[in-house]
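Peer 1: Numbered per the numbering used here, the sequence shown spans residues 10 to 145.
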Amino acid sequence: MENQMARLEHLTHELKDGNMKAYDQYMNHTRSEGYQVDFQNKVKPFADRYQVLIDEWKPLVTDWVMSQKPNYVYPIQIKDTCENLSIVIVTAFQKDTRRRRFIETIKAIDYVLDNVLEQLKENIASNKSAGCHPDK
């Protein structure tokens with residue numbers, strides 16, 4: 010269980026990083042004048058890398074939510090966050106992406122990922138203070 014929680018925390022940080030990179034791509038590159046999308050060398054590798062992380066993260070975080078019942082984190086949020094992440098890792102490279110909607114989606118993703126990280130920390134701290142061994 011401890012290894013799973015450590016892996017979940019690591020993956021959540023990686024997804025936060027990917028979300029920030031998608032935001033940076035869209036705001037600082039995609040929207041700039043003369044931007045040309047390079048699907049094969051930019052979009053596909055970026056999307057593939059983060060889709061692998063999303064696919065690993067989803068069952069881990071879903072199991073954790075179902076077993077630990079953390080505050081402020083619900084299964085529907087996990088499902089929606091995975092879908093939103095899968096969308097932003099591609100739309101970040103599309104010039105016709107609506108700015109406001111993109112930014113709101115980025116914020117929604119960050120909100121859920123931040124809540125997961127916060128609740129993971131509390132979960133780990135309560136296990137330690139209760140003298141529980143996380144592997145049991």
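Even glycine gets a Cβ: it sits at the ideal position worked out from N, Cα and C.
Are the beta-carbon atoms belonging to residue 102 and residue 39 less than 7 Å from one another?
Peer 2: In this structure, residue 39 lies closer than 7 Å to residue 102 by Cβ.
Peer 1: With distance defined between alpha-carbon atoms, name the residue in 77, 92 and 106 nearest to residue 133.
Peer 2: 77
Peer 1: Flag this pair as touching only if the segment 86–101 and the segment 30–39 have three or more C-beta atom pairs under 8 Å; answer yes or no.
Peer 2: Cβ pair count under 8 Å is three or more, so yes.
Peer 1: Starting from residue 48, trace the alpha helix (DSSP H) in both directions and tell me its first and last residue.
Peer 2: Taken as a continuous stretch (DSSP letters only), residue 48 belongs to no alpha helix (DSSP H), as it is neither H nor E.
Peer 1: Look up residue 80 in the DSSP assignment and say whether it is helix, strand or coil.
Peer 2: Note: residue 80 maps to coil in three-state DSSP.
Peer 1: Does the count of Cβ pairs from the segment 87–99 and the segment 58–72 closer than 8 Å reach three?
Peer 2: Between the segment 87–99 and the segment 58–72 there are three or more inter-stretch CB-CB distances shorter than 8 Å, so the stretches are counted as touching.
Peer 1: Indicate the three-state DSSP secondary structure (helix, strand or coil) for residue 67 in the structure shown.
Peer 2: helix
Peer 1: Based on Cα-Cα distance, which residue from 15, 136 and 122 lies nearest to residue 26?
Peer 2: 122
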